Amino acid sequence: MLLLVYTFNFLDRQILGILAIPVKADLGLSDTELGALGGIAFALLYSTLAIPLALIADKTSRTWVITISLTVWSGFTALCGIATNFWQMFFFRLGVGVGEAGGVAPSYALIADYFPSSERARALAIYSLGIPLGSAAGVLFGGYVAQTIEWRTAFIAVGIAGVVIAPIFRLIVREPKR
-5 MLLLVYTFNF
5 LDRQILGILA
15 IPVKADLGLS
25 DTELGALGGI
35 AFALLYSTLA
45 IPLALIADKT
55 SRTWVITISL
65 TVWSGFTALC
75 GIATNFWQMF
85 FFRLGVGVGE
95 AGGVAPSYAL
105 IADYFPSSER
115 ARALAIYSLG
125 IPLGSAAGVL
135 FGGYVAQTIE
145 WRTAFIAVGI
155 AGVVIAPIFR
165 LIVREPKR
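Residue numbers for the sequence shown follow my numbering, so the first one is -5 and each next one is one higher.
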């Protein structure tokens, strides 16, 4: 389940880059605005909230932090599909960054508690497959949907899928004793 969540983490992160051309054309964005959406809009809160969200996960339930984070970033990914201008898209990409800031650190902590040190490297390697799997899924799914339907549908579909997975994650992944 952590691998699946991490895959969605990267899928939601990469989908804007994959759909950049139709998004830019439809919203009438400049190159600078498109760059801001893919860079600062996401990274600003992603990089600044990762540590506070990790601290919250350390003091509370890591599975709840991941569940809420997945719901938040997926919800904002879906909202990107309804953006009609630069500032709406900028705000929604900030939301994606906020959500994703709470995904990775608590996942590493769960893996550390679930697996003994003799198996931890393998578990972390499997978890890390989320990066290439999410990137590949974004290219395949995002490109396919954008070509056959439209870019907005790709954002909405991916976002809704993440929101649906969140309660399933919470039901399946238990908080281990510390």
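Just so you know, even glycine gets a beta-carbon here, dropped at the ideal spot from N, CA and C. Please read all numbers here as calculations on a predicted model, not as lab measurements.
Cβ-Cβ separation, residue j to residue i (assumed contact under 8 angstroms), whole Å
i, j, result
"L(-3)", "I120", "6 angstroms"
"L1", "L127", "Before going on, a small fix: residue 1 reads as Thr here, not Leu. With a Cβ gap of about 5 angstroms, T1 and L127 count as contacting."
"I150", "A72", "5 angstroms"
C-beta atoms of residue i and residue j nearer than 9 angstroms
i, j, result
"V92", "C74", "no"
"L13", "G136", "yes"
"S63", "L88", "no"
"A19", "F84", "no"
Buried or exposed by the 16-neighbour rule on C-beta atoms within 10 Å, applied to residue i
i, result
"T54", "exposed"
"A95", "buried"
"L31", "buried"
"R168", "exposed"
"T78", "exposed"
"W81", "exposed"
(message) Could you tell me which whole alpha helix (DSSP H) segments of length 4 or greater appear in the region 77 to 134?
(response) 80 to 94, 98 to 108, 111 to 122 and 124 to 131
(message) Tell me whether the region 157 to 166 and the region 67 to 75 touch, counting them as touching only if at least three CB pairs, one residue from each stretch, are closer than 8 angstroms.
(response) yes
(request) Could you tell me whether the region 97 to 104 touches the region 41 to 58, using the rule of 3 or more Cβ pairs below 8 angstroms? (result) yes
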